[in-house]
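**Student:** In the working numbering, the protein residues as written are 33 to 443. No residue lacks a Cβ here, since even glycine has one placed at the ideal position from N, Cα and C.
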Amino acid sequence: MPADSLLSRSVSRPLGEATLTLNAGLAHDPLTRAIAPNIAMSVNNAFTPGEGGFSADGVADLTSLPFLYAGWTNPTVRQLELRIAALEHTDDALATASGTAAAAAVFFSLLKAGDHLILSDVCYAGIHELARKMLPDFGVEVSTVNLSRMDDVVAAIRPNTRLIHAESPCNPLLRLTDLTALGAITRARGILLAVDSTFATPVATCPIDLGADLVIHSLTKFMNGHGDAMGGCVAGPKALVERIRSRAGVYLGATLSAQNAWLIMRGLDTLVVRMRAMSASAHTVATYLQAHPAVSGVIYPGLESHPQHALACAQMRLAGALITFQVRNPDAVAMRLAQASSTFDYAFSIGHQRSLAVFLKTQDLLNSSFELSPEQLADYRRYAGDGVFRLSIGLEDPQDLIHDLEQALSA
Ligand SMILES: Cc1ncc(COP(=O)(O)O)c(C=O)c1O
Numbered sequence: 033m034p035a036d037s038l039l040s041r042s043v044s045r046p047l048g049e050a051t052l053t054l055n056a057g058l059a060h061d062p063l064t065r066a067i068a069p070n071i072a073m074s075v076n077n078a079f080t081p082g083e084g085g086f087s088a089d090g091v092a093d094l095t096s097l098p099f100l101y102a103g104w105t106n107p108t109v110r111q112l113e114l115r116i117a118a119l120e121h122t123d124d125a126l127a128t129a130s131g132t133a134a135a136a137a138v139f140f141s142l143l144k145a146g147d148h149l150i151l152s153d154v155c156y157a158g159i160h161e162l163a164r165k166m167l168p169d170f171g172v173e174v175s176t177v178n179l180s181r182m183d184d185v186v187a188a189i190r191p192n193t194r195l196i197h198a199e200s201p202c203n204p205l206l207r208l209t210d211l212t213a214l215g216a217i218t219r220a221r222g223i224l225l226a227v228d229s230t231f232a233t234p235v236a237t238c239p240i241d242l243g244a245d246l247v248i249h250s251l252t253k254f255m256n257g258h259g260d261a262m263g264g265c266v267a268g269p270k271a272l273v274e275r276i277r278s279r280a281g282v283y284l285g286a287t288l289s290a291q292n293a294w295l296i297m298r299g300l301d302t303l304v305v306r307m308r309a310m311s312a313s314a315h316t317v318a319t320y321l322q323a324h325p326a327v328s329g330v331i332y333p334g335l336e337s338h339p340q341h342a343l344a345c346a347q348m349r350l351a352g353a354l355i356t357f358q359v360r361n362p363d364a365v366a367m368r369l370a371q372a373s374s375t376f377d378y379a380f381s382i383g384h385q386r387s388l389a390v391f392l393k394t395q396d397l398l399n400s401s402f403e404l405s406p407e408q409l410a411d412y413r414r415y416a417g418d419g420v421f422r423l424s425i426g427l428e429d430p431q432d433l434i435h436d437l438e439q440a441l442s443a
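#1: Closer than 8 Å, CB to CB, is residue 409 near chain B or not?
#2: Return the chain-ordered list of same chain residues with a C-beta closer than 7 Å to the C-beta of residue 161, the five sequence neighbours on each side being excluded.
#3: Is residue 156 near ligand 1, going by C-beta to nearest heavy atom under 7 Å?
#4: Since residue 331 and residue 206 are thought to touch, with beta carbons under 8 Å apart, how far apart are those beta carbons, to the nearest angstrom?
#5: Is it buried or exposed, residue 227, if we count other Cβ atoms within 10 angstroms and call 16 or more buried?
#6: Nearest to residue 345 by alpha carbon, out of 105, 194, 208 and 67?
#7: Which whole runs of the alpha helix (DSSP H) in the region 159 to 231 are 4 residues long or more, in chain order?
#8: Quick check on the DSSP output: the beta strand (DSSP E) that includes residue 124 runs from which residue to which?
#9: Under DSSP, the alpha helix (DSSP H) around residue 304 begins and ends at which residues?
#10: Closer than 7 Å: is that where the CB of residue 131 sits relative to any heavy atom of ligand 1?
#11: Thinking just about the alpha-carbon of each residue, which of 418, 107, 297 and 82 is nearest to the one in residue 445?
#12: What is the C-beta distance between residue 164 and residue 174, in whole angstroms, given that I count them as a contact (C-beta under 8 Å)?
#13: Report the residue from 247, 257 and 172 whose alpha carbon sits nearest the alpha carbon of residue 301.
#14: Cα-Cα, which of 357, 310 and 319 is closest to residue 327?
#15: If I'm right that residue 268 touches residue 240 with Cβ under 8 Å, what's the distance once you round it to whole angstroms?
#16: Hey, how far is the Cα of residue 99 from the Cα of residue 379?
#17: Between which two residues does the alpha helix (DSSP H) carrying residue 296 extend?
#18: Rounded to whole angstroms, how far is the Cβ of residue 242 from the Cβ of residue 347, which I believe are closer than 8 Å?
#19: Within the chosen definition, does the region 289 to 296 reach the region 391 to 411 through at least 3 CB pairs nearer than 8 Å?
#20: Could you compute how far the alpha carbon of residue 53 sits from the alpha carbon of residue 282?
#21: Buried or exposed: where does residue 64 fall if 16 or more other Cβ atoms within 10 Å of its Cβ makes it buried?
#22: Please classify residue 204: is it buried, with 16 or more other beta-carbons within 10 angstroms of its beta-carbon, or exposed?
#23: Classify residue 82 as helix, strand or coil using the three-state DSSP reduction.
#24: Check residue 33 in the structure and name its three-state DSSP category.
#25: Which ranges would you report for the alpha helix (DSSP H) in the region 362 to 403 if only whole runs of at least 4 residues count?
#26: Can the beta-carbon of residue 303 be found less than 8 Å from the beta-carbon of residue 247?
#27: Quick test of your reading: residue 277 and residue 140, contact by CB under 8 Å. State the CB separation rounded to the nearest angstrom.
#28: Can we count residue 176 as close to ligand 1, meaning its CB is less than 7 Å from some heavy atom?
#29: Mind checking which residues open and close the beta strand (DSSP E) that includes residue 354?
#30: Quick one: using the 10 Å Cβ neighbour count with 16 as the cut-off for buried, is residue 180 buried or exposed?
#31: Can you tell which of 286, 150 and 82 has its C-alpha closest to the C-alpha of residue 224?
#32: Starting from residue 341, trace the alpha helix (DSSP H) both ways and give me its first and last residue.
#33: Where does the unbroken alpha helix (DSSP H) through residue 138 begin, and where does it stop?
#34: Anyone know if the C-beta pair for residue 134 and residue 238 falls short of 8 Å?
#35: With a CB to CB cut of under 7 Å and the five nearest residues on each side skipped, what residues in its chain are close to residue 73?
Pasting the structure below:
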């Protein structure tokens, strides 16, 4: 029996996002009728000679083959992949060991020597460095562009531009890219558009509906949501995902483990309610920060003061759980948040059920990660000045978060 039909319930009508988040890709175990997904540990699954087949370029068709080898996918991982594909309004997904592995899978599967990649000038530092430091060694040209400026995008396109990698909202600025405008540019020129939607999640934005070809997530963040499993994924049309799976899943060993797939599915069960609650709390906290005399700037897509608030309203169904803000004495505030807060953990990462805070010094990011032109640097400083606190708001009562921020801000 084909792998996908072993897993999916048949559904005769379109489902709402909360229902999809719980149920897409999930069926009772055919043998035991277990409701919760099993963790399938077997690396191999038996098959009959001649069963199923590979396409001419060696790609296994998961809709006509049973499971073979966990390097392609496995029954638990496949349930996660099908659920993510449904949430992102597309056909297929590949789950990977981390979000960075998902971006590496896209770059190394779709680009070849002589191709040109355009990358957001500001995005998750690990992926920025992967593109700028590794891809040129393999003959791929890389340019970094402020993807909130469509004129700059058009000017940067070369005859050999094959892929644009965007991130919206971007880490750490919370600057947005107009995905509809960018999608129109890429489609008209036959360029692929991959969007890292880790900060938005499908609860806020479905990039494929707006014109992206591929959506990338760090599942380590909001999608799992509990800070206890790393994972990543790339979702998109079947042919593209099959190409990425056959190259990165198998040759680069990007595959996700069954245990982590199970944890991430359990986290996904509550994604919609978590995102709604955290986004509402983030709005309350951002509004408090904006009115605080010690705070010199707040960036939150849900505030009217965000430079792209209109775009946020058009493109994001909710404004998300991340806030950045600036203060005049960041070292003292960082120390108090790290040592005296009973709610915030002072740590990198985002998207957990518990709130996280960290100070990101602009000069440190410039030294280690981002190489910005004078115009790009001016834009960076417009959002972040000399540095920003990045808050990832969790599920605590917002008044407790505000209490701890008040203590940290007003000593
Ligand atoms: C937007 C974004 N994409 C990708 C990643 C990488 O994810 P992972 O840590 O799962 O490799 C991160 C990590 O912070 C991120 O913020």
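**Tutor:** Inspection of the coordinates gives the following:
#1: Given the protein chain composition of this structure (a single chain), no chain B is represented.
#2: Exclusion of the five residues before and after residue 161 leaves 401 as the residues of its chain whose Cβ lies within less than 7 Å of its Cβ.
#3: Distances from the CB of residue 156 to the heavy atoms of ligand 1 include at least one below 7 Å.
#4: So it is a contact: roughly 5 Å between Cβ atoms.
#5: It is buried - the Cβ of residue 227 has at least 16 other Cβ atoms within 10 Å.
#6: With distances taken between Cα atoms, residue 345 lies closest to 208.
#7: Within the region 159 to 231, complete alpha helix (DSSP H) segments of at least 4 residues are found at 182 to 188 and 211 to 221, given in chain order.
#8: Looking at the DSSP string, the run of the beta strand (DSSP E) that includes residue 124 is 124 to 128.
#9: Per DSSP, residue 304 belongs to the alpha helix (DSSP H) from 303 to 322.
#10: Yes; taking the cut-off as 7 Å, the Cβ of residue 131 has a heavy atom of ligand 1 nearer than that.
#11: With the chain covering 33 to 443 only, the question about residue 445 has no answer from this structure.
#12: The C-beta distance from residue 164 to residue 174 rounds to 6 Å, short enough to meet the 8 Å contact threshold.
#13: Comparing Cα-Cα distances from residue 301 to each of 247, 257 and 172, the minimum goes to 257.
#14: Among 357, 310 and 319, the Cα nearest to that of residue 327 is on 357.
#15: By a beta-carbon distance limit of 8 Å, residue 268 contacts residue 240. Their separation comes to about 7 Å.
#16: Rounded to whole angstroms, residue 99 and residue 379 show a C-alpha spacing of 39 Å.
#17: Per DSSP, residue 296 belongs to the alpha helix (DSSP H) from 290 to 300.
#18: The pair is a contact, with the Cβ atoms about 7 Å apart (cut-off 8 Å).
#19: Touching, no.
#20: The alpha-carbon atoms of residue 53 and residue 282 are separated by roughly 28 Å.
#21: Residue 64 comes out exposed.
#22: It counts as buried.
#23: Coil.
#24: Because the pLDDT of residue 33 is 45, which lies under 50, any placement of that residue in the model is unreliable, and the question is left without a value.
#25: Whole alpha helix (DSSP H) segments, 4+ residues: 362 to 372 and 394 to 400.
#26: Not a contact, by the Cβ cut-off of 8 Å.
#27: That pair is no contact at about 13 Å.
#28: Residue 176 Cβ: outside cutoff for every heavy atom of ligand 1.
#29: According to the DSSP assignment, residue 354 belongs to the beta strand (DSSP E) that extends over 354 to 359.
#30: Buried is the call here.
#31: Per the Cα distances, 150.
#32: Under the DSSP assignment, residue 341 falls in the alpha helix (DSSP H) whose first and last residues are 341 to 347.
#33: Run containing residue 138: 131 to 142, per the alpha helix (DSSP H) assignment.
#34: Taking 8 Å as the Cβ cut-off, residue 134 and residue 238 do not qualify as a contacting pair.
#35: In chain order, 290 place their CB closer than 7 Å to the CB of residue 73, counting only its own chain and leaving out the 5 sequence neighbours on each side.
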